[in-house]
Structure formats: structure tokens, C-alpha cells
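Written below as C-alpha cells is the structure these notes are about.
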Amino acid sequence: MRRALILSLPLAVGIVVGMIGDRVFSGQREPMKRTILLKTDLAGLEGKEGIVLLTEFNPQATTGRHYHHGHEFAHVLEGSGTFEVEGKTVIFKPGDTFHIPPNQVHNVKNNGTAPVRALVFVIHEKGEPIAVPEK
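In my numbering, each residue carries its 1-based index in the sequence shown increased by 8.
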């Protein structure tokens, strides 16, 4: 009996530590994730590339004020939030589509409790970063 108790104590402690660790580490997810689905040179547009991304924002996440060197087109697949540009706030929901011109500073927020997912298409100079934080 004593041997069983001694062997089960470390097991129980390990389970509890694992559960606590899972909660701590899952709570520290990145606010936004970009998954590149396609990146290609654009024929007829010398020096330009097109990128298709799946962008996912965790609940209560924000992109921070940033801009893109090229054109960005976004289509909201699921979730809702706000898009701030030029002093205006626009509420977006699934099915909404946006065009963001080059160098236009903006911020996107997920104000909800569910993730926001958007399909994004970018056209810019080859080798440029996808997004640049505002300084």
C-alpha cells in the first residue's frame, strides 16, 4: 500500500503541473498569426510579387498601427472586430472585404471572444516586408 502511494504521488504531481503549464502557455499565444498560402512573382509586373495569406487574430488581439508598402486586399471569413484608418473606425464582420492602399497607416482589432480569420492578398515590391509598424 505504501509503495503504491509513493509511486502515485509523483504521477499526481506531474498531472497537476502539466495542467497548470498548459493553461499558462496556451494563454500566451501570439495575438496574430499569418500563414503564407502562396507567394509568387507577377508576370507583366516586373519586380512585383503577390502573396496570399490566411490571417488569424486571437480574441481581444490588435495588430498595432502599421502600414504596407503595397496594396492589401482582405476578405473576412469569420469573426468580427474594428478597423481603424484615417481617424475613422469601421466595424467588420464575415463577408466584408477591404482594400488598403499602399502606406496607409491602420490598426485592426478583434474586440470579440472568438478568433477573426481573413484571407489577405498583397501586391508589393519583391522582398519588401508584408507589414511595417508605424514609428
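Every residue, glycine too, gets a C-beta built ideally from N, C-alpha and C. None of the values given here were measured: they were computed from a predicted structure.
Three or more beta-carbon pairs separated by less than 8 Å link the segment 121-131 to the segment 45-65, which places the two stretches in contact. When C-alpha distances from L45 are compared across I59, T97, Y75, the shortest belongs to I59. In the pairwise beta carbon analysis, the segment 48-58 is classified as not touching the segment 105-121: fewer than three pairs are separated by under 8 Å. Contact check for P102 against A69 fails: the beta carbons are separated by 8 Å or more. I108 is positioned such that its CB atom lies closer than 8 Å to that of H76.
Residue environment: E86 is assigned as exposed (fewer than 16 neighbouring CB atoms within 10 Å of its CB, all protein chains considered). K134: not part of any beta strand (DSSP E); DSSP gives it neither H nor E. A straight line joining the alpha-carbon of T97 with that of H74 spans about 15 Å.
At a Cβ-Cβ threshold of 8 Å, R42 and I138 count as neighbours.
For the pair F91 and F81, the CB atoms are not nearer than the 8 Å cut-off. With fewer than 16 other CB atoms across the displayed protein chains lying within 10 angstroms of its CB, G95 is exposed. In the same chain as K47, and ignoring 5 residues on each side of it, the C-beta atoms closer than 7 Å to its own belong to E57, I59, in chain order.
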